[in-house]
Amino acid sequence: MKELLTILLPFLFIGTFSYSLPSSEKSNFGERRGFKIGDKGYVISQRQKSWYEAKYDCLISGDGYELLSLESNDELVAIRNQLGDYAGQAFWTSGFSHSTFGYASQMFYWDSTGRSIGPYEGWGTTRPYNLTANTCILFNDGDTDYWSVTNSTKTCSSLSLWYICEKPLEPIAVDTQLPPENIDGRYRFSFGDGVYDISNMILDWFSAKNDCKLRGMRLVSIESQEEDEAIYKEISQYEEGFWTSGAKFLSTGPFSWDSTGHGLGPYLNWYKNYPVDFEKYNCVIMRPAFNYTWENYFCADGYYGITMNRYICEWHPGML
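In case it helps, mature numbering (1 follows the signal peptide of the UniProt record, and there is no 0) puts the sequence shown at residues -18 to -1, 1 to 302.
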């Protein structure tokens, strides 16, 4: 009975309280401040970073952490009550709106989940409009708890803020995570312990990434020659381009797999002389013209309109 209470006790509390990170997570997060709200665990960053760096830092910590998505005012208030020494600071959320031809779409979504923001929105009296470039949402723990956004001078890649990583504390049964097969007539194949779905529609890179997340999967990250060859065998029959999760949105540093936060490599399969140094060629695609090797290209706005391609979603056991 004592052992049972030890297991159940953390889940019997209503409200919030601070807690020590498990030893397995301390190795990734160090001695960061951790706390619990309801069925979620949260960890506050030790330093300020750009939005992209913050997102990847949460991902590479493992254990299912992602950048914070604020889905209710109660959650925001509860988080503010746990900030301690961080009170009065500004924090990144995973809220995002991507740019097309110099203007943000104004369709905000949580990058960590792929879901459109709402019904709760913390804008206060006015929703942002006439936005330019990719736009990220932050919240200020000050006199107001309203959300605000980056602008043309303080962008997602140049502004450094504190951030909070979150994860569900209740594990999801592995056998219920795999999305049903042949959704919308998509073709599915397997490699190793992974399952891959080939899209039956074309989208820009951002929308493709969100579609995979909404299906309980992730936009594909190619981490070995064997995996690359297995994918090539399946997609070469289509004679179309396919998005991967490879991306680079910071002026310095390498390309990263957006789905995992890890940099590309050690396995690489760039087409000769790629990646090219062009500020808008931010996303990694495989196209038949280059025999499905990797090239960096427009993520959304191209020379002749929005860049739309097929894409591959992947799933592995334990993926949240």
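We put the CB at the ideal spot given by N, CA and C, even for glycine. Source: prediction; values computed, not measured.
Buried versus exposed call for residue i [16 or more other C-beta atoms within 10 Å across all chains shown]
i: S172; result: exposed
i: G243; result: buried
i: K231; result: Note on residue identity: the sequence assigns Phe, not Lys, to residue 231. With 16 or more other Cβ atoms within 10 Å, it is buried.
i: A271; result: exposed
i: G247; result: exposed
i: G287; result: exposed
i: T117; result: buried
i: G300; result: exposed
i: P257; result: buried
i: G100; result: exposed
i: M89; result: exposed
i: N278; result: buried
i: K195; result: buried
i: E35; result: buried
i: S79; result: buried
i: G223; result: buried
i: residue 331; result: For the chain, the structure presents residues -18 to 302; residue 331 sits outside this window and is missing.
i: E221; result: exposed
Top-ranked residue by Cα proximity to residue i, from the options
i: S76; options: D67, L52, V59, G70; result: L52
i: G70; options: L120, V25, C138, R200; result: L120
i: E152; options: I19, D67, S140; result: I19
i: G106; options: Y128, T275, L113; result: Y128
i: residue 336; options: D45, C40, G104, C194; result: Outside the shown range of the chain (-18 to 302) lies residue 336, about which nothing can therefore be said.
i: L65; options: F17, I42, Y111, Q30; result: F17
i: L113; options: S134, S241, S233; result: S134
i: Q30; options: D67, Y24, F73; result: F73
Through-space distance from residue j to residue i, alpha-carbon basis
i: A212; j: K191; result: 21 Å
i: I61; j: S81; result: 30 Å
i: S189; j: W239; result: 16 Å
i: Y249; j: K136; result: 34 Å
i: N63; j: V177; result: 41 Å
i: K37; j: L201; result: 16 Å
i: Y47; j: W33; result: 15 Å
i: R197; j: W297; result: 10 Å
i: V131; j: L143; result: 12 Å
i: S27; j: Y145; result: 6 Å
i: R14; j: E216; result: 44 Å
i: L141; j: R170; result: 40 Å
i: P110; j: D283; result: 22 Å
i: R168; j: N273; result: 23 Å
i: T275; j: T234; result: 23 Å
For residue i, three-class secondary structure by DSSP
i: Y263; result: coil
i: F90; result: coil
i: D56; result: helix
i: G245; result: strand
i: K215; result: helix
i: D186; result: coil
i: I191; result: First, the amino acid is wrong: residue 191 is Lys here, not Ile. Three-state DSSP puts K191 in a helix.
i: C40; result: helix
i: G287; result: strand
i: L196; result: helix
i: W74; result: strand
i: I61; result: helix
i: D45; result: coil
i: P150; result: strand
i: D67; result: helix
i: Y34; result: helix
i: A271; result: helix
Residue i beta carbon near the ligand COA (any heavy atom closer than 7 Å)
i: E222; result: With respect to small molecules bound, the structure shown includes none, and the ligand COA cannot be examined in it.
- [ ] Check whether the segment 44 to 58 touches the segment 90 to 99, counting contact only when three or more Cβ pairs, one atom from each stretch, lie closer than 8 Å.
- [x] yes
Open item on the list: I want to know whether the segment 175 to 184 touches the segment 287 to 299 - three or more CB-CB distances under 8 Å.
Closed with: yes
TODO: Please determine if the segment 254 to 263 and the segment 205 to 222 are in contact, where contact requires at least 3 C-beta pairs separated by less than 8 Å.
DONE: no
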